[in-house]
Amino acid sequence: MERVLITGIGLVGVELATLLTEKGYKVSFLSRSIRPHFKFKTYKWDIENRFIELDALKSCDYIVHLAGSNISEGRWTKKRKIELRNSRVLSTKLLFNTIKENNIVLKGYIGASAIGYYGACTNEFIYSEDMPASNDFIGSLCNEWETAHLKFNEFKIPLNIIRIGVVLSNKGGAFIKILKPIKSNLGAVIGNGNQYMPWIHIHDLCKIILVLLNSKNSKIYNAVATEHITNKELTNKIYKFLNKKLLLPKIPKFVMKLLFGEMSVILLEGSRISNKKIKSNLNFKFKFDSTSKALNELL
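In case it helps, this note's numbering puts the sequence shown at residues 765 to 1063.
#1: Compare the beta carbon distance of residue 735 and residue 1004 with 8 Å and say whether it is the shorter of the two.
#2: Given this structure, state the Cα-to-Cα distance separating residue 765 from residue 1010, to the nearest angstrom.
#3: Any contact of the stretch 933-952 with the stretch 886-900, i.e. 3+ C-beta pairs under 8 Å?
#4: Are residue 983 and residue 924 touching if we call contact CB-CB under 8 Å?
#5: State the Cα-Cα distance for the pair residue 731 and residue 831, rounded to the nearest angstrom.
#6: So, helix, strand or coil for residue 789, using DSSP?
#7: Write down the C-beta distance between residue 793 and residue 773 rounded to the nearest angstrom, noting that I regard them as a contact closer than 8 Å.
#8: In the DSSP assignment, the beta strand (DSSP E) including residue 828 goes from what residue to what residue?
#9: Just confirm the distance between the C-beta atoms of residue 931 and residue 969, as a whole number of angstroms; I'd bet it's less than 8 Å.
#10: Taking the alpha-carbon positions, what's the residue 961 to residue 1032 distance?
#11: Quick one: using the 10 Å Cβ neighbour count with 16 as the cut-off for buried, is residue 1035 buried or exposed?
#12: Counting Cβ pairs, one atom from each stretch, are 3 or more of them under 8 Å apart for the stretch 985-1001 and the stretch 949-956?
#13: Going by DSSP in three states, residue 806 sits in which element: helix, strand or coil?
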């Protein structure tokens, strides 16, 4: 039985662990805290104090490194930016250094990144994996995160990085935040509504990770569905799906900036992201490749 260590007990991690267990893998977690009654074996780590329970690494064949503080939670103060970086970059460096210092042998490594790599912008481009990172905060953060992941090439193992879009799940995360005000007739288009929202259903994201665990290649992939949809289109589609009518006017950009400061850029901006590479290289077939299919399942 092959063993997978997942970092971070988040929405995707728990869903992934359930899928991997069904497929015959033994799954454990690295977490900053131990949840009582959690059904998977959990080991502790402390990124700031550079501590990892060594048994976590000694008892795994693969690492799926998903941990990272929520980028959309709270204003991007100087302190918050440090927290966002540490949870991604320092955690990755801690994993690498601990594995190297203790001569731990892995079969493969998968590192999370985000479509924020291309920056918080709205333009005519469709971004593919060979395009450079943006030099804004979110682009620079993702670039530094990926650079830390790439250190694992030193171990001569399959190393894959996935740039993840907005994950849609009815168990939590972004979709619930979008849905809640709409159900209360308080949802509205953000800014001009023309910003794209690259998205992926949690089922497809977990299936991609499962495929990559069995991949012998080392690549970087955009993990997004094929359909490109704007904030305005998605908002209207959800209202229509729920047989409700959009009543409120658009929320002006300046209001979003007042409420969320610099962080508002990830709500006000968004570009189209290509998934051609993941479909051609992995021959991956998305189950939820349109928002209509996704909404039908989620709602």
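Quick reminder that beta carbons are idealized off the backbone N, C-alpha and C, glycines included. Here the structure is a predicted model, which means the values were calculated and not measured.
From the atom records:
#1: No answer is possible for residue 735: the residues shown for the chain start at 765 and end at 1063.
#2: As a working mapping, residue 765 is identified with position 1 in the sequence shown. As a working mapping, residue 1010 is identified with position 246 in the sequence shown. Answer to the nearest angstrom: the Cα atoms are 51 Å apart.
#3: no
#4: In the sequence shown, counting from the first residue as 1, residue 983 sits at position 219. In the sequence shown, counting from the first residue as 1, residue 924 sits at position 160. Contact flag set, yes.
#5: Within the shown structure, residues of the chain are numbered from 765 to 1063, placing residue 731 beyond reach of any answer.
#6: As a working mapping, residue 789 is identified with position 25 in the sequence shown. Residue 789: coil per DSSP, three-state reduction.
#7: Residue 793 sits at position 29 when you count from the first residue of the sequence shown. Residue 773 sits at position 9 when you count from the first residue of the sequence shown. Yes, they are in contact, since the Cβ atoms of residue 793 and residue 773 sit about 5 Å apart, within 8 Å.
#8: Walking along the sequence shown from the start, residue 828 turns up at place 64. Unbroken beta strand (DSSP E) run through residue 828: 826-829.
#9: Taking the sequence shown and counting its residues from 1, the one referred to as residue 931 is at position 167. Taking the sequence shown and counting its residues from 1, the one referred to as residue 969 is at position 205. That belief holds up - the Cβ atoms of residue 931 and residue 969 are roughly 6 Å apart, short of 8 Å.
#10: As a first step, residue 961 is located in the sequence shown; it is residue number 197 there, counting from the start. As a first step, residue 1032 is located in the sequence shown; it is residue number 268 there, counting from the start. Near 10 Å, if we compare the C-alpha coordinates of residue 1032 and residue 961.
#11: Within the sequence shown, the letter at position 271 stands for residue 1035. Classification of residue 1035: buried, given that the 10 Å Cβ count is 16 or more.
#12: yes
#13: As a first step, residue 806 is located in the sequence shown; it is residue number 42 there, counting from the start. In the structure shown, residue 806 sits in a strand (DSSP, three-state: E or B).
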